[in-house]
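Residues in the sequence shown are numbered consecutively from 0, following numbering that gives the first Met the number 0. To start, the structure itself, in structure tokens.
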Amino acid sequence: MRDLMGRTGDGSEISGRALAREVGVPHGTIEGLLNGTTATQPAEVARKICRVIGVDVGCLWAETGRKVPDEKPAEASEAAA
0 MRDLMGRTGD GSEISGRALA REVGVPHGTI EGLLNGTTAT QPAEVARKIC RVIGVDVGCL
60 WAETGRKVPD EKPAEASEAA A
């Protein structure tokens, strides 16, 4: 992330404080990501960080969780009735 902050999508550099301000998070959040004490952020924050830096979310984070809700199998819903 530090390397990407050194040359954002528009070719400029952004500091941790400026990134935090643009994203709307405390400076400590960005510092934690940069020094490794924090590994992840909520999806909304991750997307904002990537938008400001100018990269796709997948460049910094692997999305987790299901993309669609898990549907109950027919047997389970029938047994509950």
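By construction, the Cβ of each residue, glycine as well, lies at the ideal position given by its N, Cα and C atoms.
Excluding sequence positions up to five before and after Arg1, its CB lies within less than 7 Å of the CB of Leu33, all in the same chain and listed in chain order. For Met4, the three-state secondary structure derived from DSSP is helix. Glu62 sits in coil when the DSSP states are folded into three classes, being neither helix nor strand. Contact between Val56 and Ala45 holds, with the beta-carbon distance rounding to 6 Å and staying under 8 Å. Listed in chain order, the non-local C-beta contacts of Glu21 below 7 Å within the same chain comprise Val51, local neighbours out to five positions each way being set aside. With fewer than 16 other Cβ atoms from the protein chains shown falling within 10 Å of its own Cβ, Cys58 counts as exposed. Membership of Val51 in the alpha helix (DSSP H) is indicated by the continuous run Ala42 to Ile52.
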